[in-house]
Each structure stands twice: as C-alpha cells, then as structure tokens.
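Residue numbers (my numbering), protein chains in the order written: chain A, 76 to 531; chain B, 76 to 531. What follows is a set of notes on a single structure, which appears directly below.
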C-alpha cells in the first residue's frame with residue numbers, strides 16, 4: 076500500500092530530514108530587523124532550491140518587504156495550498172539562550188529529543204513537516220498525490236504587511252480547494268488538533284484628559300478632576316459582577332457552542348488547573364457560567380493590556396495628572412462586528428465622562444473572528460488521518476489568539492483553511508531556547524502524509 | 076515714629092536690597108544635585124556674612140547634608156525665630172527658560188516689574204524680605220526690635236533629611252516664643268495671608284499581582300485574572316458618588332470648620348471659577364456638599380498620583396500583565412491619624428482582593444496636619460500689621476499642601492508657627508522662568524517691619 080511505503084520512507088529518512096531542517100535553521104531570517112534582510116533572501120532562496128529539487132515549479136516573488144516563495148506542482152485530484160512562514164522572531168535576550176540561537180542541534184532532554192534553535196517550532200520546523208511529507212511521497216511514487224501550491228511568507232513575525240496585497244494581486248494563482256496552515260500546536264502532547272475557531276482582535280487606546288496641565292495635589296487636590304480616577308471608573312465598569320462585558324451590543328453575533336462541539340470539548344478533559352497553575356493562578360476569572368475552554372476559545376473578552384498616568388518613577392510625586400490612558404483589547408468570536416463594537420465602546424465611554432473630561436480614542440487592529448466550516452469533507456478526512464497517527468483521537472479546537480491568515484484565505488480567495496500543527500506548549504516560541512520535539516517533527520511529517528492520502 | 080522711619084528707610088534702600096538678592100540668586104544652590112554641593116556651601120557662607128554685617132552672631136552649622144545657618148541677636152521683648160531656606164529647585168528643562176536661571180535680573184513685564192531667576196520666589200527672595208526688614212530696622216534704630224533667631228535650611232527642596240535631627244540636637248538653642256516662616260504666598264495678589272491650617276500627607280504605593288508572569292491575552296485572555304482590572308476596581312471604589320472617601324474610619328478626627336472661619340472664608344470671595352479656569356477646568360470635583368475652599372484647605376482628600384501596568388509604549392501588545400500598581404496619596408486635616416488611615420486603607424484593599432491576587436504596599440510620607448492656635452496674640456497682631464500694609468485685609472487661610480516644618484516647630488520645640496509669605500500663584504516656582512514680583516519683595520520687607528513692630 077502506497078501510504079505504508081511513504082511512512083516507511085519517512086522513518087528511514089528522518090536523520091536526513093532533520094539535517095535539512097538544521098541547515099534551514101542556521102539562516103538567521105529575523106524579519107523585523109533590517110540587519111537581517113539579506114538572510115531573509117537567503118532563506119527564501121534555500122526554500123526555492125529545495126522545492127525545485129522535488130520537481131516543483133518554485134520561484135522567489137518580490138514584495139515591498141521580504142519575498143514570498145510560491146511553488147506549484149500539478150497532479151490529479153484536489154488542489155491544496157500549503158502555507159507556512161520562513162521568518163523567525165528576534166532572539167533577545169541573547170544571554171538567556173543556552174546555546175547560540177542560530178547554531179541549532181539535536182539535544183537529549185528529560186522529556187525526549189528536541190531540535191533546539193530559533194525557528195525550530197515557529198515556523199521552519201512545522202513548514203518542513205509538509206515539505207518532507209511531499210519529498211517522501213515523491214520518492215516512493217515519483218509524483219505527488221494531488222495538485223499542490225506551496226506558499227511561504229517571510230513577514231509573519233513582523234505583521235505581514237505584504238501579505239494581503241500579494242494575495243489580492245495573485246488571487247487567481249493562489250486559489251485552491253482547501254488551504255493547509257501549519258503554524259499551530261497539538262492540543263495536548265498526544266492529542267492532535269485541527270483549529271476550527273480563531274478569535275478576532277480589536278484594540279482601542281483610550282486617553283482621558285482633565286486639566287490642561289499636570290497639577291500639584293497640594294494646590295488642587297480635592298477640587299480638580301483626576302483623570303486616573305475617571306479612567307479607573309470606566310475600566311471598572313467594563314465588566315459586571317458575573318464577568319460579562321457591559322458595552323451595549325457587545326454580545327451581538329456571539330454564537331452558542333453547538334451541543335456536539337460542547338460535548339467534544341468536554342471529552343477533551345482540559346486540565347485547566349495545571350494550565351492556570353503553571354502561571355500561579357487557580358481560578359478561572361472569566362464569565363461565571365462558562366467553562367475554561369469556552370472562556371479562551373469561544374467567548375469574547377475585553378482586557379486591559381496597559382495603563383499609565385501621572386508619576387510612575389521611583390518614590391512619590393503628588394501630581395494630579397492632566398492625562399491618563401489605557402490600551403484595551405477585545406477578542407471577538409462568531410459574527411461580532413469589530414466596527415460596531417468600536418463605535419459602541421466609544422459611545423459608552425463618552426456617555427460616562429464627567430464635566431471637564433474629554434476622551435480621545437486611537438484604534439489598533441480590527442479583525443473579526445474566523446470560524447471554519449467543518450462541513451468541508453477535508454476536515455473529517457484529516458481528523459481521521461491524524462487520529463490514526465497519534466495515540467489520542469484528533470480534536471476540533473478553538474484558538475484564543477488571532478491568526479489573520481485564515482480569514483484572508485476565506486475573504487480574499489474564498490478558500491477554507493485547515494489549521495493543523497504539531498507544536499507543544501513548552502516549545503518556547505518567541506522566547507529564548509526555542510525547540511521543536513523530534514517527535515513533533517517526525518510524527519508531523521507522517522501526519523501530513525496521512526492527511527494528503529486521506530483528502531486526495 | 077520708629078516704624079515710619081524704618082518703612083522710609085526700606086523704600087530708600089530698595090535698589091540696594093534688590094542688588095543683594097540678585098547677588099544671592101547668582102549662587103546655584105541646587106540641593107538635590109550633588110554637583111552643586113559646593114554652591115550650597117557658598118550660599119550658606121553668603122548668608123552668614125550678611126547676618127554678621129548686621130551684628131548678628133551667625134555661623135554655618137554642618138549636617139550630614141548641606142549646612143544650616145543659625146544666627147542669634149539679643150534684644151528686649153519677645154523671642155522670635157525666623158525660618159527660610161537657601162536651597163533651590165533644579166532648573167530642568169533648561170531650554171524652557173527665557174534667560175539663564177542663575178543670571179537673575181529685573182524685568183519689566185505687562186504685570187509689573189519682576190526679579191527673574193531660580194529661587195527668586197522660592198525661597199531666597201522671601202527669606203531676604205525678613206533680613207532686609209531687620210537691616211532697615213537696625214539702620215534706623217541701631218538695634219533690632221526684639222530677640223531674634225535666624226534659622227536657614229539648605230535641604231528644603233530635597234526632603235529636609237537633616238532638619239529633624241538638627242532641631243532635636245539643638246532644641247534648646249532653637250526654642251522661641253513664636254516661629255515665623257516665610258515660604259507661602261498671598262491669598263490673592265492684593266490680599267496678604269497667614270496660613271493657619273496645613274494639610275498632612277500620607278502616601279501609599281499599591282501593587283496588585285496576579286499571575287507569576289506576563290501572559291499572552293490570546294492564550295489566557297478571558298480565563299486569567301487581570302491585575303489592571305482589579306486595581307481599577309479598587310481605585311473606582313475609593314470614593315462614593317458624592318465624592319466622599321469610602322475607607323472605614325477615614326473621617327475620624329476631621330473637624331468641622333468653625334462658623335467664624337467659615338464666615339471669613341466666605342468673605343474672601345474666592346474666585347474658584349478662574350482658579351479652575353486657569354487650568355482648563357470648570358467644576359469643583361470634590362465632596363459635593365463642600366465649598367471649593369474647604370475642598371482644598373480644610374477637607375481631607377484621596378488622590379491617585381500615578382498608575383501603571385502592562386504595555387505602555389507605542390502601538391499595542393496583547394499582554395495580560397502580572398502586576399499593576401498605583402501611587403495613592405491622602406491629604407490629611409485636623410486630628411486624622413496617618414498610621415490609622417494607612418492600616419485601614421491596607422485592610423480595606425486586602426478585603427477586596429479576588430482569588431489569585433495579592434497586594435503589596437509601600438509607604439511614603441506620613442505626616443499629620445498642622446493647625447495653628449490663632450489664640451496666640453501674635454496672630455492677631457500680625458494680621459493687623461499686614462492689613463495696614465496691603466490694600467486688602469489680611470486673611471487666615473488654609474494651605475492644601477504640606478509644609479512639615481510647621482509641625483516640627485510645634486512637636487520638637489513646642490513653638491507655634493506663623494506662616495506669612497508674599498509669593499504669587501504665577502511665580503512659576505519649581506518651573507522654568509521663576510520670578511518674584513518687585514512689589515512682593517518691597518511690600519514683603521515692609522510687612523515684616525510692621526509685623527516685628529506689632530509683636531514686639
């Protein structure tokens with residue numbers, strides 16, 4: 076049987092595949108730092124050459140920033156697009172790394188063998204799981220199981236400024252039956268996951284101004300409006316006693332979880348006690364009538380990410396500040412409309428302002444949630460394929476964060492996206508000593524071989 | 076009549092007196108900056124020499140910091156002590172000064188002639204009003220009207236670390252019948268004032284800690300406790316809807332204003348509309364059933380002087396911070412006990428903490444209010460004397476700020492203090508382009524001559 080032969084080939088080729096990944100990890104393709112611009116080109120060239128070695132028609136495509144890599148190979152069967160990114164996070168603080176971040180190597184640890192180095196998990200290692208699956212398939216069969224478009228970005232860690240324009244300009248070329256994205260993690264170390272819900276994100280920077288200048292509290296204390304107090308009152312009013320957000324209309328478009336999904340999540344047995352315990356917490360602090368998984372995957376939130384006002388240095392200054400400001404963000408779900416929520420939030424704040432206070436608003440981020448339509452048959456096929464590879468049945472999960480690319484595929488290309496990845500919570504992505512388990516890499520490659528087989 | 080001759084002498088000597096002040100203002104005696112240590116010595120030496128030229132037994136007295144200047148001269152009549160400080164505030168930001176801060180000169184402005192330079196109002200110019208009054212008295216009469224102790228400090232702008240120990244060690248030497256302090260202002264530009272109430276000050280730095288590290292709001296948002304929200308709720312609860320502080324026992328020891336004082340304050344016709352209007356405000360924002368003067372002079376307050384937490388730089392970071400903190404200060408009146416209020420505040424905060432949150436407290440400042448006993452006959456004598464000099468009757472006023480020295484005289488030496496000064500609201504003390512009106516200097520000197528005459 077073809078799949079078994081491919082899986083064997085993957086097992087036999089693991090050492091060579093790891094060497095190839097280590098080769099790619101040596102290129103310091105830090106996208107946010109202009110000093111590494113040439114390295115981003117080198118990483119793109121490396122990928123073009125590697126894809127070409129598989130007979131794929133691959134090219135490096137210029138953008139105003141770092142290049143895209145796009146490759147096509149034709150074959151019978153459905154057309155899938157695979158997305159990953161070759162750029163990596165900066166490495167600061169360098170002194171916290173146990174080895175040079177771009178001198179990757181295999182390490183034996185108490186929890187098993189890992190590939191240590193910047194980008195090993197996010198996202199070069201994950202990207203290469205798919206490429207290696209294709210390499211094995213080609214080695215065994217001389218061709219690939221279906222028509223595939225490879226689409227690698229080099230700006231994911233710096234806000235993807237070129238992504239939407241590139242997708243818009245090359246929409247016809249990038250259309251496919253389904254998009255596969257490998258930039259997420261396992262649910263738990265033995266349970267593979269397909270992300271079907273991504274929360275959206277809306278940011279608002281709110282500044283309250285009272286007096287025209289900072290005042291001395293000895294002179295004005297007691298009689299003058301204090302914008303820190305006004306801001307605190309507004310923030311305190313954002314949630315009611317049950318943890319619900321009080322902004323009018325905030326819950327418009329928030330769907331209830333389907334009974335099937337709720338049951339499946341229940342079966343996951345999410346260990347929220349250790350999830351919270353790892354960071355020194357014990358109690359879920361969100362809406363009181365929701366489970367912890369709902370709080371982070373399927374419910375919208377309002378959080379304050381930063382606040383400042385007055386004197387914040389050492390010691391004391393009895394100042395009554397002129398201004399106080401906060402950065403407030405909303406994670407959105409379902410059909411919540413970021414524009415409507417922004418307007419409602421601003422009106423709600425403005426209506427509460429006491430005399431002599433004004434509010435200024437500055438918008439940041441503005442993306443709705445993405446919900447994948449798991450009715451697409453590829454989802455159930457992929458879920459079965461993943462379940463065959465891993466000890467536990469694959470789960471449909473949510474993701475508390477925002478991965479805008481999934482929404483772009485739907486909005487710009489009309490393509491559903493399936494997010495499958497093999498990272499683990501302890502991979503230290505964006506932090507010193509990033510690693511990718513050899514098991515993630517090995518079983519990740521095998522997983523893609525099974526998924527390609529299943530959906531072809 | 077002696078007083079008339081002294082006043083004439085003051086008028087005739089004004090130019091020379093101004094030159095002497097300008098000479099003193101040229102010495103950059105910035106006490107908080109070690110780079111100016113030698114200049115503080117120079118200023119003290121200057122004062123010692125000037126007092127000695129009046130036949131006063133003056134010496135520079137070492138402390139662990141900058142020196143004190145102490146001078147004595149004997150004469151029949153009561154014993155008064157005069158306090159002022161020769162150190163000045165730093166000059167930053169230097170670029171906002173219209174001339175070099177230590178190159179003082181007389182300037183003609185639309186509002187009259189001013190002496191421009193750092194320390195002109197706070198406090199060298201005010202200190203010299205008393206010295207010049209003594210000089211004129213001595214020139215006319217060959218002696219001073221009463222026994223006088225001069226007591227000049229060089230650390231007032233840097234927290235007076237040596238003051239209390241020095242007063243304790245030299246208590247017998249510094250005891251007098253009444254202490255005169257010249258470091259305050261006129262009530263309005265034509266109305267002299269004697270401060271009879273000084274608010275105390277209590278500072279608390281409150282830090283709320285949730286998780287053991289900063290969290291990503293994509294991963295934990297909705298389920299993890301956010302200390303900014305907890306802190307905001309605490310701050311929002313510090314005042315009720317009528318503007319009263321809610322901390323249990325906070326108003327213990329807060330006296331009601333006597334009907335006489337209330338009536339006198341009423342007669343002052345305080346123009347709170349322009350007091351607030353000058354800084355862009357229109358509404359008194361304190362306790363709803365109190366007049367604006369009560370709010371700033373005779374009522375206690377609770378203010379937030381600074382707040383910070385999470386990401387406060389440019390742009391947005393969706394962090395859930397581990398910590399959030401605020402600097403909170405209380406202005407105290409009457410017999411309010413700072414220790415009891417600190418304890419009550421801490422207990423009140425701690426009782427409100429949700430699960431998984433801790434609070435850390437750091438105390439700053441801790442001084443009760445001072446209320447002068449205006450029964451001392453010097454008060455009414457001085458009030459009449461000031462009323463004779465100025466167009467408007469002198470007022471007993473409160474002071475929203477805290478001038479701890481007055482309390483020290485009472486507590487350490489058992490001496491009542493009378494605070495009389497001639498500064499104006501627009502003197503820009505602690506700011507660039509500090510000035511002292513020539514009228515303040517001139518009529519200030521004349522005022523002290525009248526006060527000395529009246530109480531001798």
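No residue lacks a Cβ here, since even glycine has one placed at the ideal position from N, Cα and C. Only a predicted model underlies this, so the values are computations on that prediction, with no experimental measurement involved.
Asked	Found
Where residue 424 (chain A) meets chain C, residues with beta-carbon distance less than 8 angstroms	The chain labelled as chain C is not found among the protein chains of the depicted structure, namely A and B.
Burial state of residue 201 (chain A) (16 or more Cβ within 10 Å)	buried
Residue 223 (chain A) and residue 325 (chain A) closer than 8 angstroms at C-beta	no
C-beta contact flag for residue 405 (chain B) and residue 375 (chain B) at 8 angstroms	yes
Contact set between the stretch 266-300 of chain B and chain A, restricted to residues whose Cβ is under 8 angstroms from the partner	274, 276, 278, 280, 285, 286, 287, 288, 290, 291, 292, 293, 294, 295, 296, 297, 298, 299 and 300
Candidates A:129, A:145, A:161 and A:79, of which the one nearest residue 99 (chain A) by Cα	A:161
Cβ-heavy atom distance, residue 508 (chain B) to the ligand ZN, below 7 angstroms	The ligand ZN is absent from the structure shown, which contains no ligands of any kind.
N-terminal and C-terminal residue of the beta strand (DSSP E) that residue 200 (chain B) is part of	Where residue 200 (chain B) is concerned, there is no enclosing beta strand (DSSP E), although the alpha helix (DSSP H) it sits in stretches over 199-216.
Under 7 angstroms by beta carbon: chain A residues contacting residue 376 (chain B)	296 and 297
Within 9 angstroms of chain A by C-beta, residues of the stretch 429-447 of chain B in sequence order	429, 430, 431, 439 and 440
Cβ distance (whole Å) where residue 143 (chain A) is taken to contact residue 279 (chain A) below 8 angstroms	Wrong, their Cβ atoms sit about 32 angstroms apart, outside the cutoff.
Proximity below 8 angstroms, CB of residue 107 (chain A) to CB of residue 153 (chain A)	no
Closest Cα partner of residue 272 (chain B) within the set B:195, B:444 and B:470	B:444
Residues near residue 264 (chain A) by beta carbon distance below 7 angstroms, same chain, minus five either side	499
Reference residue 268 (chain B), options B:476, B:513 and B:471, closest by Cα	B:471
Proximity of residue 381 (chain B) and residue 302 (chain B) at Cβ, strictly below 8 angstroms	no
Identity of the residues DSSP links to residue 184 (chain B) by a beta bridge	B:187
Residues from the stretch 391-407 of chain B in contact with chain A, defined by Cβ distance under 9 angstroms	391, 392, 393, 394, 395, 396, 397, 399, 400, 401, 402, 404 and 406
Pick from A:286, A:217, A:168 and A:356 that is closest to residue 429 (chain B), judged by C-alpha positions	A:356
With 16 other Cβ atoms within 10 Å as the buried cut-off, status of residue 414 (chain B)	exposed
Residue-level contact to chain B via CB, residue 356 (chain A), 8 angstroms cutoff	yes
Bridge partner(s) assigned by DSSP for residue 273 (chain B)	B:445 and B:474
Local conformation of residue 469 (chain A) per DSSP, three classes	coil
Within-8 angstroms CB hit, residue 508 (chain B) to chain A	no
Residues bridged to residue 147 (chain B) (per DSSP)	B:132 and B:224
Cβ of residue 303 (chain A) within 8 angstroms of any chain B Cβ	yes
Buried versus exposed call for residue 313 (chain A) [16 or more other C-beta atoms within 10 Å across all chains shown]	buried
Per-residue contacts from residue 477 (chain B) into chain A (C-beta, under 8 angstroms)	293
Partner residues on chain B for residue 379 (chain A), Cβ-Cβ distance less than 8 angstroms	301, 303, 304, 307, 384 and 385
Beta carbon of residue 237 (chain B) nearer than 8 angstroms to that of residue 150 (chain B)	no
Euclidean distance between Cα positions of residue 441 (chain A) and residue 412 (chain A)	9 angstroms
As assigned by DSSP and simplified to three states, the class of residue 394 (chain B)	strand
Residue-level contact to chain A via CB, residue 311 (chain B), 8 angstroms cutoff	yes
Contact residues within the stretch 317-338 of chain A, judged by C-beta distance below 7 angstroms to chain B	none
Contact with chain A by residue 361 (chain B), beta-carbon distance below 8 angstroms	yes
Local Cβ density within 10 Å of residue 398 (chain B), reported as buried at 16 or more and exposed below that	buried
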